[in-house]
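See structure below.
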Amino acid sequence: MKGPVSAAPLITTIAGRTITTSTPKTPPAKKSHAIPIVSISDAYDSGNGELSGLRLVDGEEDYCDVHVYVKIRPDPFTYLENKRHFQYFSFRSTLNPDSPAMRGLYSNKKSIKVKYIIQNSGEASYADAFGGYSTFVTTRTTPFDPDSWTRVGDATYEGGRLSWTHVHDLGEDGSATAYFAYFPPYSQERHLKLIAKCAEAKGATVKSLGQTVEGREIDCVTVGAGPRTCWIIHRQHPGESMAEFYAEGLLTRLLGLDDDEGPPDEVAKRARESYTFRIVPNINPDGSGRGYLRTNAAGQNLNREWCPSPAPSADGGAGDDAEPETYEAPTLERSPEVYHLLRGMDETGCDAFLDVHGDEALPFNFLAGSEGMPVWGKRLESLHGAFLASYGRANGDMQAKVSYDPDEPGGGMPNICSNQIGQRFDCLSGTLEMPFKELHGGGGGR
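In structure tokens form, the structure reads like this:
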């Protein structure tokens, strides 16, 4: 479901104040009988990108024929962070051979070179992270074939604008359509197929922890029968679609989904004997379908909803003697995804936890810990180090030199997921990050 089509305002009371949040609605474009040379569409699962304008340049600039300007649609306003996030984009571009320009100016061309410009990229949540980044492209008729995506070769970020070029082949054997994305999308249909395969697999059970704001099920796959419980969740931030690809790979290996005989190796077998895994492939399917970067359908950054926290003041700051008001979280109204998940974790307990994300800026796979929480000590430090070292030995794409700067002792934010879980259950708890950018330093290990 796309936000601008069907979103209704959410009216709620936070810290004594009435707050209305809604998905931003773009006024409908004026209809025209003129056929544009290029049309842009994000009307599909996880689409995000609106045509802002286009200009015919006929080779006079950048050896291009057309410049196409696209804007990223922002997430709803996030009250706790006082901003509207955006960075993720995914849109379809189609050249129209029946347009007047194609019949006239470009009638003899076999291909058209188009420069795509993200007009508001300089205002994005992590704008500087576009530096050194390269856009994904596929010319398949669907954006949901992950093996078809490649990176463009000439993406640049200059003057606050991300841009790249693409040559649309107009020949009979070519495609005048292309999809572009910040990262290849992972669709709800693919998610449901994965859940169905898990439900049919030997040694797995599937249940819903509850429903999202829009009524989608929060699917949880239980694998193994070991004495220790390990929870692994994915895609709190919906634009980080690599997290659900990770979930699919994890479940495929644990369950042997590509092998009718069961788990394909001894490592998976030992893991299932040692742990009971509870895996949530997508905790934020609403935001995923809407093409959001950070929030759910109610405009909440789920990774700030794991416990109550001080509420932002109406004037931007409280006086020295003022008692800070409380932002209650999680709630069934604003963040049912976290509410239901946390209730499920309280029922089973947790001995190890991993929250899987994507990072916009750093071109590395890395693990961030909960160093700033009071429970952190030698035991958790040793467990964190041992897990990271073991991961690196098993897979050369994991490294230990680059990560976020650890919080100072006592300086961790308890409303962040991995911090809250580590403190709540006194367990190893980390955030696994994967890059939007091309991976640096991968060793190619298994």
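Here numbering that gives the first Met the number 0 is used: the first residue of the sequence shown is 0, the next is one more, and so on. Glycine included, every Cβ here is placed at the ideal spot set by N, Cα and C.
Same chain only: Cβ atoms within 7 Å of residue i, ignoring 5 sequence neighbours per side
i    : result
G48  : I39, D41, V69, I71, F88, S89 and F90
M412 : N418
M397 : N364, Y390 and G391
N281 : H190, H233, R234, E243 and S287
N119 : K70 and I71
M241 : F182, G357 and M433
S51  : Y68, V69, K70 and Q118
N81  : P311
A203 : C197, V220, T221, V222 and L254
Beta-carbon proximity list for residue i, same chain, < 6 Å, skipping 5 on both sides
i    : result
R445 : With a pLDDT of 28 at R445, under the threshold of 50, the predicted position of this residue should be treated as unreliable, though the coordinate-derived value follows. Taken in chain order, the list of residues that qualify is empty.
F450 : No information on residue 450 is available, as it lies outside the stretch 0 to 445 that the chain covers here.
D44  : S186, Q187 and G288
A267 : R252 and L253
L387 : L366 and A399
R227 : Y274 and D350
R303 : L79 and N414
R139 : S147
F143 : S186
Test item: CB-CB of residue i and residue j under 8 Å
i    : j    : result
A200 : L256 : yes
G368 : P405 : yes
I232 : L340 : yes
H483 : A175 : Past the edges of the chain, shown from 0 to 445, lies residue 483, and the structure says nothing about it.
V151 : T137 : no
L161 : I117 : yes
H84  : S124 : yes
G421 : M372 : yes
T338 : P307 : The sequence given here places Tyr at residue 338; Thr does not occur at that position. Cβ distance not < 8 Å, so Y338 and P307 don't count as in contact.
C416 : W305 : yes
W163 : A177 : no
D57  : L104 : yes
L249 : I278 : yes
Q86  : L292 : yes
G290 : G131 : no
Distance, residue j Cα to residue i Cα
i    : j    : result
Y185 : N283 : 12 Å
N95  : A128 : 33 Å
P309 : T294 : 19 Å
S312 : E324 : 8 Å
M433 : H439 : 11 Å
E446 : S207 : Because the chain here runs from 0 to 445, residue 446 falls outside it and cannot be looked at.
T430 : H383 : 11 Å
H236 : P99  : 42 Å
L55  : D64  : 6 Å
E216 : Q210 : 5 Å
S402 : A126 : 19 Å
V205 : A270 : 19 Å
H165 : Y115 : 8 Å
G410 : L366 : 18 Å
E213 : N394 : 38 Å
E122 : E272 : 49 Å
V4   : E247 : Legend: pLDDT at V4 = 38, less than 50; position of this residue unreliable, value from coordinates given subsequently. Each residue's alpha carbon lies about 30 Å from the other.
T347 : C197 : 20 Å
G343 : P335 : 12 Å
F435 : E407 : 27 Å
Y156 : S147 : 24 Å
T93  : T149 : 18 Å
D264 : M101 : 56 Å
I36  : E370 : 54 Å
D74  : V355 : 21 Å
G158 : E437 : 22 Å
N414 : I34  : 50 Å
T141 : E59  : 33 Å
D285 : L193 : 17 Å
The alpha helix (DSSP H) enclosing residue i, as first and last residue numbers
i    : result
V222 : It is not in any alpha helix (DSSP H) - V222 instead sits in the beta strand (DSSP E) that spans E216 to V222.
I420 : C416 to F424
Q187 : Q187 to E199
Y338 : P335 to T347
Y390 : K377 to A393
Boundaries (first-last residue) of the beta strand (DSSP E) holding residue i
i    : result
H356 : A351 to D358
T245 : It is worth fixing the name first, because residue 245 is Tyr in this sequence and not Thr. Element bounds for Y245: not the beta strand (DSSP E) but the alpha helix (DSSP H), M241 to L254.
L366 : F365 to A367
S92  : S89 to L94
V65  : V65 to K70
A175 : No beta strand (DSSP E) contains A175, which DSSP labels as neither H nor E.
R277 : Y274 to V279
A203 : A203 to Q210
Contacts around residue i, its chain only, beta-carbon distance under 8 Å, and the 5 residues preceding and following it disregarded
i    : result
P145 : P183, Y185 and F244
Practice task
Decide yes or no for the touch test of the stretch 421 to 437 against the stretch 332 to 351: beta carbon pairs closer than 8 Å, at least 3 of them.
Solution key: Output reads yes: the stretch 332 to 351 touches the stretch 421 to 437.
Problem - Touch test, the stretch 328 to 338 against the stretch 109 to 123, Cβ-Cβ under 8 Å, three pairs minimum - result: They do not touch, by the three-pair rule.
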